[in-house]
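A.B. asks:
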Amino acid sequence: MAAQTSAASTLAFGRHKTLAAAAAAGPKPLPAPGSVSFPAAQPACLLSASAARRRDVAAMVSAPPAVGTAMPSLDFETSVFRKEKVSLAGHEEYIVRGGRNLFPLLPEAFKGVKQIGVIGWGSQGPAQAQNLRDSLAEAKSDIVVKIGLRKGSKSFEEARAAGFTEESGTLGDIWETVSGSDLVLLLISDAAQADNYEKIFSHMKPNSILGLSHGFLLGHLQSLGLDFPKNISVIAVCPKGMGPSVRRLYVQGKEVNGAGINSSFAVHQDVDGRATDVALAWSVALGSPFTFATTLEQEYKSDIFGERGILLGAVHGIVEALFRRYTEQGMDEESAYKNTVEGITGIISKTISKKGMLEVYNSLSEEGKKEFNKAYSASFYPCMDILYECYEDVASGSEIRSVVLAGRRFYVKRGTTSVSNGQH
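Read in order, the letters of the sequence shown correspond to residues 1 to 424 in full-length UniProt numbering.
1) In angstroms, rounded to a whole number, what distance separates the CA positions of E334 and T351?
2) Taking the alpha-carbon positions, what's the G120 to T340 distance?
3) Taking the beta strand (DSSP E) that A285 belongs to, which residues open and close that run?
4) If you follow the beta strand (DSSP E) that P104 is in, where does it begin and where does it stop?
5) For the beta strand (DSSP E) containing P382, name the first residue and the last one.
6) Grab me the residues of F410's own chain with a C-beta within less than 6 Å of its C-beta, minus the 5 sequence neighbours each way, in chain order.
7) Pop quiz: Q124 and S181 are said to be a contact at Cβ under 8 Å. What is the actual Cβ separation, rounded to whole angstroms?
8) Quick check: the Cα distance between E297 and S213, rounded to an integer number of angstroms?
9) Which residues bound the beta strand (DSSP E) around I174?
10) Leaving out five residues before and five after I400 in sequence, what residues of the same chain have Cβ atoms less than 6 Å from its Cβ?
11) Give a yes or no on whether the C-beta atoms belonging to G148 and D173 are separated by under 8 Å.
12) Skipping 5 residues on each side, what residues in its chain have a beta carbon closer than 6 Å to that of L30?
13) Under DSSP, the beta strand (DSSP E) around S363 begins and ends at which residues?
14) In terms of DSSP beta bridges, what is K146 paired with?
15) Whole angstroms is fine: what's the gap from V118's alpha carbon to A129's?
16) Whole angstroms are fine: how far does the CA of A293 sit from the CA of S398?
17) Enumerate, from N- to C-terminal direction, the unbroken alpha helix (DSSP H) stretches of 4 or more residues contained entirely within the segment 192–241.
18) Name the one or two DSSP bridge partners that R97 has.
19) Under 8 Å, do A281 and L106 count as touching if we go by C-beta distance?
20) Does A314 come out as helix, strand or coil in the three-state DSSP assignment?
21) Do you know how far the Cα of G152 is from the Cα of S202?
22) Please report the straight-line C-alpha distance between F323 and A336, rounded to a whole angstrom.
23) Below 6 Å CB to CB, which residues in the same chain sit around E359 once its five sequence neighbours on both sides are set aside?
24) Exposed or buried, what is S379 when buried is set at 16 or more other beta-carbons lying within 10 Å of its beta-carbon?
25) Please state whether DSSP places residue 435 in a helix, a strand or coil.
26) How is the alpha helix (DSSP H) around A129 delimited, first residue to last?
27) How many Å lie between residue 432 and D75 at the Cα?
28) E299 to G215, Cα distance in whole Å?
29) W175 to I200, Cα distance in whole Å?
30) Under 8 Å Cβ to Cβ from P206, same chain only, skipping five residues before and after it: list those, please.
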């Protein structure tokens, strides 16, 4: 039944203007430019109605246009950790392997850091604060990990339950924490960062380090023609998973060697030569099995693009397309809803997560495979066109500006200040 649902579901993707990325992730090689076909029984998306437009998109797929400046070197130097060169699809990159055996190196890598302030208690905040605290304790370091929250925040109780207290100096007011920290991990929401960055910068000590787990703030500053203050270092460590997974796999890693969430890291600004080692120490302390280099600009563009094009945009589009298709084929709305939800959250999704799209394809009947190929062919160029548009919106700063404005509308509606939301 699941296999039949998969074939029927993917057919929906070529019918409406939607970010149906699942259909575009077919198991076979991408169709050659100009080879896409739109069966008569499957009306093409408006974006693909023009043969000339299809040729334009095909040309972009064949030779994607350069966006921004040339790819920067992602090599780095560390005096504490061991750097390794790896080759991925013919491209060389440098990584640092993590592991609890590296925890004794943390005090040296965090040299000059006496207090790490974790600002926010949303998704990443609890996980990163607890992992850092536990790793530093195992390393027998006296570095303090302190949570900074808005006065009156309901998150105080949750932080106390996790072992952070005012009495021990590990929990306090957000501005007091920023002012007293040598490394400030800013883990509040994107919109909150955009609304409070000036006050945050003004409270930071000279030569302290600002740590981000998302490059959104850089994108926001660039859209305003601004940059970070020149008297602080700016780094990023970006776990490739949600906060609860970062914590759960860290705890699991105590028993299972290699468990953890990989992270990218970036050094955007280094005022005293410590930034790279501090960033790598942060990642190792989070329990990252592998840490690889990126830039803050690359991180926010790829991250926001992935959110808009896949995590948010595609899911919304898939749901809408499936529901429309089922109801247009005569299914009642309740059954259409149930089948749509099953298509998104059921065995198809779980199979893709654990075994990949190819396993879904291989599980189909021969007739189902033909339908899959037909849907994939019909949806490839329309989806690619929309994804290019999404990326251009991110790269130009338009998407960032819309996030900031949406966040402000949200806070006005709630009647709260932006720093009250620690979600990341």
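We put the CB at the ideal spot given by N, CA and C, even for glycine. The structure presented is a predicted model; accordingly, all values stated were derived computationally and were not measured.
C.D. replies: According to the structure shown:
1) 25 Å
2) 35 Å
3) Here A285 belongs to no beta strand (DSSP E); instead the alpha helix (DSSP H) covers A275 to L286.
4) Counting along the chain, P104 falls outside any beta strand (DSSP E), and DSSP gives it neither H nor E.
5) No beta strand (DSSP E) holds P382; the alpha helix (DSSP H) holding it covers E366 to S396.
6) none
7) Going by Cβ atoms, the distance from Q124 to S181 rounds to 17 Å, so no, they are not a contact pair.
8) 12 Å
9) No beta strand (DSSP E) holds I174; the alpha helix (DSSP H) holding it covers I174 to G180.
10) G219, H220 and S223
11) yes
12) Note that L30 scores 39 on pLDDT, short of 50, meaning its location in the model is unreliable; the coordinates nonetheless yield the value given after this. Closer than 6 Å at the Cβ level, and outside the excluded window around L30, lies no residue.
13) Where S363 is concerned, there is no enclosing beta strand (DSSP E), given that its DSSP letter is neither H nor E.
14) G117
15) 6 Å
16) 26 Å
17) 216–223
18) F290
19) yes
20) helix
21) 22 Å
22) 6 Å
23) T351
24) buried
25) Since the displayed the chain opens at 1 and closes at 424, residue 435 lies outside it and no answer follows.
26) Q124 to E138
27) Residue 432 is absent from the model: the chain starts at 1 and stops at 424.
28) 6 Å
29) 8 Å
30) N231 and I232
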